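If you're matching them up, the sequences are chains G and Y in order. Position in the first sequence (first residue = 1) + 30 = this note's numbering. Position in the second sequence (first residue = 1) + 24 = this note's numbering. Encoded as structure tokens, the structure appears first; notes follow it.
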Amino acid sequence: MWRPSSVDRPTGIFIGLVVICLVLITLDLRAQGEGLGSTLRDGAQALFSPIQEAFVIVGRPVADLLESASDLFSLRDENRRLREEIASLEAEIQATESVRIRVRELEALLGVDAPEEIDTIAARVLAIGVSEFDHLRVIDKGSNEGVGLDMPVIEEGGLVGRVVAVTGNVARVMLITDPTMVIAVRVERTGETGVLRGRGSGPMGFEMFDTDAAVIAGDVLVSADGRFPAGIKVAVVRESARSDVGRLLTTADPAAGITRIDFVKILLWTRDDAVVEGFEGGDRLPTAVPLDPAGPAEGETEVAPTTSTTTSTTLPGSTTLPGIEP
Amino acid sequence: MKIRPTAVTVAILILAVAVQTTLFARFRPFDAAPALVMLVVLAFARHLPSEYALLMGFGAGLFQDLLAETPLGLWALVLTAVAFVVVRFRDRLEDEVGYLGPFVLGITIGGLTLFAVLGTIFGEKTLADAGIIRKIALPAVYNVLLAPLVLRAVPMALGMSRYRDSAFRL
């Protein structure tokens, strides 16, 4: 028969600590990202970020050396690929320019106000998550520079993620590849909408419902969600697919180079939580897009930049989008 | 417990977390990095008194939790379990040092698998990760490669004079 005295001291302490862990997990999950857990996280990140910054500076020569060694064999291929990409982008810029002029002419003809620009802040990636399962980046800009919760983060390729925690000088960005991330997107070529899901590593899952459409490899997926400004390039379809009984399922690669990001831009753009009756837990309106060029949609907040370091940007992948002027 | 070992333990754990989140952000062969904090917990748990080893695992895990977006206590549970297993097996490892490499491999795989399972139970969808096998296997292999360095450095930092000849032997 089991008796308490038959449990040795380390086992007793272990059981006690496991119970404490389970209580902590329960309390933190019930707090839903707020409360004491959130405060402690912010405090720990604020205290630890100077150490991370110091390590970034001290460790840079070592990291550069190791990185150079591992990149040595791929440099030539990458150089050729980049040259091809530059040529392709130059052609794209010329095509975009003519479209932009035509949009302006049409806007003038229709008496539509020129669209608002979205201000951005450039930031450097300080650190990554503590494990392979953390799809996080710590950036060196925080609320002191105007960064706020839920702001979209981009790099030259496309959408990187969104801000999930902010302290004075740093912020944490959850990557779009996180398995808990679900993004409403639109196929740029056809205008059909669907859902993009993070799968940790590798390609993301792309799903379309109630459709008889098809997607082809190379189709660009842009954001079409209230959580992000419409038109940000998010991913590129990897495998062509056709709908089967109204449902289409395929994979797509993130447009941004998620695994190797050094610098990002935070879009100073937020959207108030728009709660629909009947939706639980403060679900956001699943509406698409502040496409109204006359101004921000209802529930959308314009954020005033608080520092002089902000710049305006054209969202990656968006060429003819109202709401964002190149 | 004396102040010096405590200070050394805390300092090395902070160092491990800093290296894990900064240096290994850029140096990631095959897009993976070692589970350095887990390895350091393993290394300390071999030498600290049982109670302190468990508390050290718990503290290190809690610190990881504070820097992650996982529920507070998840890493604490995993690293406490790692410390507990090490405490249970360390005497046997002293006798059979040849088992130390496989032990590091096994404990890293076990710890990361436990994290993935618990993470999924608590809504983190970790098992849905497309690269789950790679994310468990590669850090375990890297930990085995780093083990001779870390497992030697920790007792030296603690001021212990039990260094012996084998790469894994202390």
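Where a beta carbon is used, it is the ideal one built from N, C-alpha and C, also for glycine. On a predicted model such as this, the values are computed, not experimentally measured, just so you know.
9 Å Cβ cut-off: residues of chain G touching residue i
| i | result |
| --- | --- |
| G130 (chain Y) | By Cβ distance, chain G contributes nothing, its closest Cβ being about 18 Å from G130 (chain Y), past 9 Å. |
| V34 (chain Y) | Within 9 Å Cβ-Cβ: nothing; V34 (chain Y) doesn't reach chain G, min ~12 Å. |
Within chain Y, the residues that residue i reaches when beta carbons sit closer than 7 Å
| i | result |
| --- | --- |
| R229 (chain G) | A152, D153, A154 |
| M204 (chain G) | E93 |
Pick from the options that is closest to residue i, judged by C-alpha positions
| i | options | result |
| --- | --- | --- |
| T210 (chain G) | Y:A67, Y:A154, Y:S74, Y:E148 | Y:E148 |
| S231 (chain G) | Y:V128, Y:I160, Y:Q44, Y:A92 | Y:I160 |
| V203 (chain G) | G:I213, G:G178, G:E218, G:G261 | G:G178 |
| P91 (chain G) | Y:T46, Y:F68, Y:V106, Y:V111 | Y:T46 |
| M80 (chain Y) | G:L47, G:W299, G:V212 | G:L47 |
| G89 (chain G) | Y:V61, Y:A42, Y:E120, Y:M62 | Y:A42 |
| V121 (chain Y) | Y:L175, Y:F54, Y:F51, Y:G134 | Y:L175 |
| G176 (chain G) | G:V160, G:E162, G:A152, G:E185 | G:A152 |
| L63 (chain Y) | Y:R158, Y:V102, Y:A154 | Y:V102 |
| G198 (chain G) | G:D107, G:I213, G:Q75 | G:Q75 |
| F87 (chain Y) | Y:R28, Y:A140, Y:I38, Y:A181 | Y:I38 |
| L173 (chain Y) | Y:P73, Y:I156, Y:A140, Y:V128 | Y:V128 |
| V165 (chain Y) | Y:V32, Y:I36, Y:P53, Y:A49 | Y:P53 |
| T207 (chain G) | G:T220, G:T69, G:T281 | G:T281 |
| S68 (chain G) | Y:D119, Y:T94, Y:V65 | Y:T94 |
| A286 (chain G) | G:T241, G:G188, G:A254, G:R219 | G:G188 |
| R39 (chain G) | Y:L91, Y:I145, Y:V111 | Y:V111 |
| A35 (chain Y) | Y:S74, Y:Y76, Y:A84, Y:L72 | Y:A84 |
| Y76 (chain Y) | G:V266, G:T41, G:L140, G:V190 | G:T41 |
| L154 (chain G) | G:I87, G:L57, G:W299 | Residue 154 (chain G) is actually Arg in this sequence, not Leu. Among G:I87, G:L57, G:W299, the Cα nearest to that of R154 (chain G) is on G:I87. |
| L96 (chain G) | Y:A92, Y:Y123, Y:A140, Y:F51 | Y:F51 |
C-alpha gap between residue i and residue j, whole angstroms
| i | j | result |
| --- | --- | --- |
| A151 (chain Y) | R116 (chain Y) | Residue 151 (chain Y) is actually Leu in this sequence, not Ala. The straight-line gap from Cα to Cα measures roughly 33 Å. |
| V178 (chain Y) | A67 (chain Y) | 6 Å |
| T30 (chain Y) | F82 (chain Y) | 14 Å |
| P58 (chain Y) | G135 (chain Y) | 13 Å |
| P320 (chain G) | V225 (chain G) | Low confidence applies to P320 (chain G): its pLDDT is 35, below 50, so where it sits in the model is not reliable enough to give any reading. |
| V168 (chain G) | A157 (chain G) | 5 Å |
| I148 (chain G) | P182 (chain G) | 11 Å |
| R150 (chain G) | K295 (chain G) | One point to set straight first is that residue 150 (chain G) is Thr, not Arg, in the sequence displayed. Their Cα atoms are separated by approximately 6 Å. |
| I246 (chain G) | A260 (chain G) | 21 Å |
| T126 (chain G) | Q44 (chain Y) | 43 Å |
| V37 (chain G) | A271 (chain G) | 59 Å |
| R70 (chain Y) | R277 (chain G) | 54 Å |
| V264 (chain G) | R192 (chain G) | 12 Å |
| G221 (chain G) | E185 (chain G) | 23 Å |
| L54 (chain G) | A100 (chain Y) | 10 Å |
| V32 (chain Y) | Q82 (chain G) | 19 Å |
| P80 (chain G) | V252 (chain G) | 36 Å |
| I131 (chain G) | I116 (chain G) | 22 Å |
| I43 (chain G) | V61 (chain Y) | 21 Å |
| I291 (chain G) | I156 (chain Y) | 22 Å |
| A56 (chain Y) | R158 (chain Y) | 8 Å |
| S98 (chain G) | S104 (chain G) | 10 Å |
Local Cβ density within 10 Å of residue i, reported as buried at 16 or more and exposed below that
| i | result |
| --- | --- |
| Q124 (chain G) | exposed |
| N167 (chain Y) | buried |
| D89 (chain Y) | buried |
| L297 (chain G) | buried |
| F293 (chain G) | exposed |
| P163 (chain Y) | buried |
| L96 (chain Y) | buried |
| T289 (chain G) | exposed |
| R28 (chain Y) | exposed |
| L142 (chain Y) | buried |
| G159 (chain G) | buried |
| D164 (chain G) | buried |
| Q62 (chain G) | exposed |
| P73 (chain Y) | exposed |
| D274 (chain G) | exposed |
Amino acids of chain Y, ordered along the chain, whose beta-carbon sits closer than 8 Å to that of residue i
| i | result |
| --- | --- |
| R134 (chain G) | What R134 (chain G) touches in chain Y: nothing, since even the nearest Cβ is about 42 Å away. |
| L70 (chain G) | L90, L96 |
| P209 (chain G) | E148, K149, T150, A152, D153 |
| I55 (chain G) | P95, L96, G97, L98, L101, F146 |
| P284 (chain G) | Within 8 Å Cβ-Cβ: nothing; P284 (chain G) doesn't reach chain Y, min ~12 Å. |
Cβ of residue i within 8 Å of any chain C Cβ
| i | result |
| --- | --- |
| I296 (chain G) | Checking the listed chains, one finds no chain C in this structure; the protein chains it contains are G and Y. |
Under 8 Å by beta carbon: chain G residues contacting residue i
| i | result |
| --- | --- |
| F68 (chain Y) | Within chain G, no residue comes near F68 (chain Y); the closest Cβ sits about 15 Å away, beyond 8 Å. |
| L47 (chain Y) | F85, G89, V92, A93 |
| A84 (chain Y) | Here the premise fails: no neighbours, minimum Cβ distance about 10 Å. |
Chain-ordered chain G contacts of residue i [CB-CB under 7 Å]
| i | result |
| --- | --- |
| G143 (chain Y) | F163 |
- request: Pull out every residue of the segment 150 to 177 of chain G whose Cβ sits closer than 9 Å to any Cβ of chain Y, in chain order.
  value: Hits within the stretch, in order: V155, L156, A157, I158, G159, V160, S161, E162, F163, D164, H165, L166, R167, V168.
query: Between the segment 223 to 255 of chain G and chain Y, which residues of the former have CB atoms less than 8 Å from a CB of the latter, in chain order?
result: So the close ones are R229, G230, S231, G232, P233.
- prompt: Using a Cβ cut-off of 7 Å, which residues of the segment 72 to 83 of chain G contact any Cβ in chain Y, in chain order?
  reply: From the segment 72 to 83 of chain G, only A74, Q75, F78, I81, Q82 have a Cβ closer than 7 Å to chain Y.
message: So if I threshold CB-CB distances at 9 Å, which residues from the segment 103 to 121 of chain Y count as touching chain G?
response: Result list: T104, A105, A107, F108, V111, R112.
- prompt: Listed in chain order, which residues of the segment 266 to 281 of chain G have Cβ atoms closer than 8 Å to some Cβ of chain Y?
  reply: Of all residues in the segment 266 to 281 of chain G, none is placed with a Cβ closer than 8 Å to any Cβ belonging to chain Y.
task: Output, in sequence order along the chain, the residues in the segment 184 to 203 of chain G whose CB is closer than 9 Å to any CB in chain Y.
output: Listed in sequence order: V194, A195, R202.
query: Taking Cβ-Cβ distances below 9 Å as the criterion, which residues of the segment 162 to 179 of chain Y are in contact with chain G?
result: For the segment 162 to 179 of chain Y, the beta-carbon criterion of a distance under 9 Å to any beta-carbon of chain G is satisfied by L162, P163.
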